[in-house]
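Colleague: Take this structure first; my questions come after.
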Amino acid sequence: MTKTPGPPAAADGHPQLGSVHKNGDRRFGVSGLLASVYASRGAPQASNLYRSTVTEHVRAVRVGDALSVRWDGSHWWASSPAGAVGRLSWSKSLREETAYAPGGPSPFDFNDGTLHVQSVTITADGEVVNCGGYFVPDDYVPSDWPMTPMPDPAERELTVTVRFPVPLEPHPTEESAAPPRRRRWLDRLMGR
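Numbering-wise, the sequence shown is residues 1 to 192 according to UniProt numbering.
Quick look at the structure:
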């Protein structure tokens, strides 16, 4: 039986999130509610960097770091003080989509922002090879966004009424008030 190795030094004491990947990579970090709060207020979620664009600078990234994100006209790139770390996995077509309401703002219509690192992916050798977290655009004002996508009020409430017919109790008669008689085998056979 193989034993899973302990947390690597690059995990900085953070717990493992999820299971070990097929290639031996493990993800360490925190999964906090702040990311979902920002997401519910219109901030786009960032899960990971696009794997083929990750540079050697990702090795120095740790949980809690704040990476600068910039739009280059085609993609969003994350950078640390040391240099470019990698490209975010968002598609550029996301800039065209609107959120919550027709004609409303797109959560991806921004040029700059900050990726707050909440997790790092670490190889079996202990090297950081990817990171993820939550993103906050520059000049982001949460009050400009509804708390959650606002559904149609008619769709928000669903009432289901189930009714069963209530049998009316018959008036007691002499026949119904009499104790049941013992059925004979011939009565049973005849269906009486």
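Beta carbons: idealized from backbone N, C-alpha and C, even for Gly.
Among D139, G126, V141 and L189, which one has its Cα closest to the Cα of F28?
Modeller: Residue G126 is the option with its Cα nearest to F28.
Colleague: Considering only residues of the same chain and omitting the five flanking positions on each side of D65, which have a CB-CB separation below 6 Å?
Modeller: V117
Colleague: Measure the alpha-carbon distance for G18 versus R26 and round it to whole angstroms.
Modeller: Cα-Cα distance, rounded: 8 Å.
Colleague: Out of C131, G132, G113 and E56, point me to the one whose CA is closest to V141's CA.
Modeller: G113
Colleague: For P153, which residues from the same chain have a beta carbon less than 6 Å from its beta carbon, with the 5 sequence-adjacent residues on both sides left out?
Modeller: Only weak support exists for where P153 lies, its pLDDT of 49 falling under 50; the value from the coordinates is given anyway. If we look at P153 and ignore the five residues flanking it on each side, it has no Cβ neighbours.
Colleague: Extract the residue ranges of the beta strand (DSSP E) inside the region 38–95, only unbroken runs of 3 or more that lie entirely within it.
Modeller: 66–71, 76–80 and 83–87
Colleague: May I ask which residues mark the beginning and end of the beta strand (DSSP E) holding Y140?
Modeller: No beta strand (DSSP E) contains Y140, which DSSP labels as neither H nor E.
Colleague: Of all the options R59, V61 and T53, which has the alpha carbon lying nearest to the alpha carbon of H75?
Modeller: Out of R59, V61 and T53, T53 has the C-alpha closest to the C-alpha of H75.
Colleague: Kindly indicate which residue of L49, V69, P7 and V61 has the alpha-carbon position closest to the one of V136.
Modeller: Checked all of L49, V69, P7 and V61; the closest Cα to V136 is V69.
Colleague: Taking residue 227 as part of the beta strand (DSSP E), name the residues at either end of that continuous run.
Modeller: This structure cannot speak to residue 227, because the chain is shown only from 1 to 192.
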